[in-house]
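In the working numbering, the protein residues as written are 703 to 1017.
For glycine and all other residues, C-beta sits at the position ideal for the given N, C-alpha and C.
A short worksheet on the structure shown next.
This is the structure in structure tokens:
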């Protein structure tokens, strides 16, 4: 009898211990997640330490990504036609674009020596002065292989002497509070507050961590274009000519292309300044399917943004 009582007491003690463990686990799950300052600092770009800090961030290669779509033939090849709202790159054209992007990102910390560094990549990659914007493009393909999908840029406009794909390099003037691009965009000079740009923070650009404006939302929405729909620009960069701007509700493209869902990782509406960096949850979604989720940082006042409307959701 005594032995049985001891067994019951032992089992009761184990049960109480288990319940206490569950209670403590539940409380931990429901505590607000506090992102420590040093963790937020991982995402802040430090001059001269970009490469080292990038290596400390999560490996974007390990995330799930949508399968890339390509044109069956390179845009600009004989017989091809540009179709809006559809892919704009063949496989080799996309590869060329990423090579240009990677070359620029590798040297963007050293703008004072950018031209010298890029010149060392000639003739495979060319940097060309172009007035208020410079161009980076790949070696032009030979005219007799324009129908083939090969790496390189193509001369697709009659008046320009560079090829597509290319990357524009814009330059800004600054004062104490704002910066303004020297080139004109839709009839105006793009202007944004320096506090929305600096310090730069790391964000994913496909499978790459790249330095971006501190408040990407504010930078994207400058100047105030007055619309929040998905749009086709009024300038065709492939053929360097004007075209009719087109708009469509982004929600209508939700099952065609992946969008990013932005939410605060925890309730932080009453903590600190609205401009403080906080932890956010970003999910890449295609329709109702979640492709991947990643935790990043963003200013508190833009931590929650409508997925298809590009509007800030206020608490």
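Nearest residue (CA-CA) to residue i, options the options
i	options	result
residue 852	742, 795, 817 and 830	795
residue 938	882, 968, 785 and 801	785
residue 868	949, 827 and 861	827
residue 836	845, 855, 820 and 872	872
residue 862	991, 793 and 832	832
residue 945	934, 998, 880 and 793	934
residue 940	789, 742 and 749	789
residue 963	988, 979, 980 and 775	988
Contact check, residue i vs residue j, beta carbons under 8 Å
i	j	result
residue 915	residue 996	no
residue 961	residue 1009	yes
residue 864	residue 841	no
residue 792	residue 772	yes
residue 876	residue 896	yes
Per DSSP, cross-strand counterpart(s) of residue i
i	result
residue 957	None; residue 957 has no bridge partner.
residue 986	962 and 994
residue 1018	Only positions 703 to 1017 of the chain appear in the structure, and residue 1018 is not among them; the question remains open.
residue 938	943
residue 1006	DSSP, once it has assigned bridges, lists no residue as partnering residue 1006.
residue 1001	979
residue 836	871
residue 932	950
Environment of residue i [buried if 16+ CB atoms lie within 10 Å]
i	result
residue 1004	buried
residue 904	buried
residue 1017	exposed
residue 1011	exposed
residue 890	exposed
residue 984	buried
residue 879	exposed
residue 993	exposed
Range of the contiguous alpha helix (DSSP H) that encloses residue i
i	result
residue 816	816–821
Bounding residues of the beta strand (DSSP E) (the contiguous stretch that carries residue i)
i	result
residue 847	No beta strand (DSSP E) holds residue 847; DSSP gives it neither H nor E.
residue 1058	Nothing in the structure corresponds to residue 1058, since the chain is present only between 703 and 1017.
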